[in-house]
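So in this note's numbering, spot 97 of the sequence shown is number 172, and the numbers just go up one at a time.
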Amino acid sequence: MRLRNYLYIGIAALSFVACSDWTETERVTFPEQEDITRHIPFIEAQGEEDLMPSQREYYRQLREYRKTPHVKGFGWYGNWTGKGTNPQNYLKMLPDSVDFVSLWGARGYLSDEQKADLKFFQEVKGGKALLCWIVQDIGSAITPQGKDMHQYWVEELGEGDPVKGSIAYANAICDTIEKYNIDGFDIDYEPGYGHSGTIANGQEISPKGNTKMQAFIETLSARLRPAGRMLVMDGQPDLLSTETSKLIDHYIYQAYWESNTNSVIRKINHPHLEDWERKTIITAEFEQGWRTGGITYYSSSVRPEFRYIYGAQLFDYATMDLPSGKRIGGIGTYHMEYDFANEPSYKWLRTALYYGNQVYPGKFE
């Protein structure tokens, strides 16, 4: 039965599906569903108390599975409301194989519906949701209305020092994350793609290079990671120095238009980054490519069965083995929610993660 259909409450013998189902394209019907008379929509479930006993056990095992080495599922998730009848707008309706998401377009304020949806996603499914936006200037995205960005962050809070202003900016982000119990921050860092500014530039991010971004990352990492929250960087994580890369949980690359395996590996091959193979996540563009599973001209250099078929780009990403022999750390999609409209829902991401974790086993250590 599909995730967006009903979850039933009843009394029956306990049993649950195998762990491999978390990465399969669909999940089977739970046993209690056969002999029940009362039900609630899954979309309305608020916590484990609304689930059947076997489902509670299933999700307990899913939460444990997330702690093991595997190809992680990720995406930039937009149009999130946590309310209404459209499952596309709910975190809880994402595939079980999705480990974490970046909330595209969210700036911190969460409605009561979003808070409830986030809580279910975190506590029942074991998923994580991060704030994310383009970090271009000191104060990007969260400068109070009516305030001049430079005047507020650098002159007032930073006492005229841009490095102190960068620290104040990072602390403000952490305050918001803690207030709403969000799971971390995704630094969208793209100075080479038209988004350079007062904090983003082409220098190496290090104590002797881009000191403002260095201080920003140090502050975020010191507050978020000890509390079990995540700090990731997408766009140009290759600008991190070796030491600074140790403060980042994942390096996420926008490999949207690369046409074959070799070109993707060239893009992400940055051995100076700590544990670069297992911490690297590669992503496809789904704002346009959701119907076809990414670009249609992609050709796998190592798996002939993936050449020029729909989904080839994401399938190849999920099964990619890097020069050391290690499997890629994870895959994702930009505007992942568009994939919901496919049949079955989230068809391409589900299938790719199934391939990467089950059909084509990889080396994770």
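No residue lacks a Cβ here, since even glycine has one placed at the ideal position from N, Cα and C.
Between Glu-349 and the set Gly-369, Lys-342, Tyr-409, Lys-321, the nearest pair of CA atoms involves Lys-321. In this structure Gly-400 is not in contact with Ile-356, their Cβ atoms being roughly 18 Å apart against a cut-off of 8 Å.
Counting along the chain, Gln-329 sits inside the beta strand (DSSP E) bounded by residues 325-329.
Note: Met-305 is bridge-paired with Gly-259 in the DSSP secondary-structure output. Measuring C-alpha to C-alpha distances from Gly-364 to each of Thr-294, Ser-172, Met-127, Trp-423 identifies Trp-423 as the nearest.
Bridge pairing for Asp-396: Arg-402 [DSSP]. Between Gln-329 and the set Leu-178, Gln-278, Tyr-264, Val-173, the nearest pair of CA atoms involves Tyr-264. Relative to the Cα of Pro-144, the nearest Cα in the group Asp-223, Ser-172, Leu-315 belongs to Ser-172. In this structure, Ala-387 keeps its C-beta atom at 7 Å or more from the C-beta atom of Gly-431. By the Cβ rule, the region 287-300 does not count as touching the region 153-168, because fewer than three pairs are nearer than 8 Å. Around Ser-375, the same chain offers Asn-335, Thr-336, Phe-381, Arg-382, Ala-387, Phe-390, Asp-391 as residues with beta carbons nearer than 8 Å, after the five sequence neighbours per side are excluded. Contact check for Leu-169 and Cys-207: beta-carbon distance about 16 Å, past the 8 Å limit, so the pair fails to qualify. Here Tyr-373 carries a coil assignment [DSSP, helix/strand/coil]. Beta-bridge analysis with DSSP links Lys-203 to Phe-175. If you keep only unbroken alpha helix (DSSP H) runs of at least 4 residues inside the region 400-437, you get 422-429.
DSSP places Tyr-140 in the helix class (H, G or I) of the three-state scheme. Here DSSP, grouped into helix, strand and coil, assigns Pro-116 to strand.
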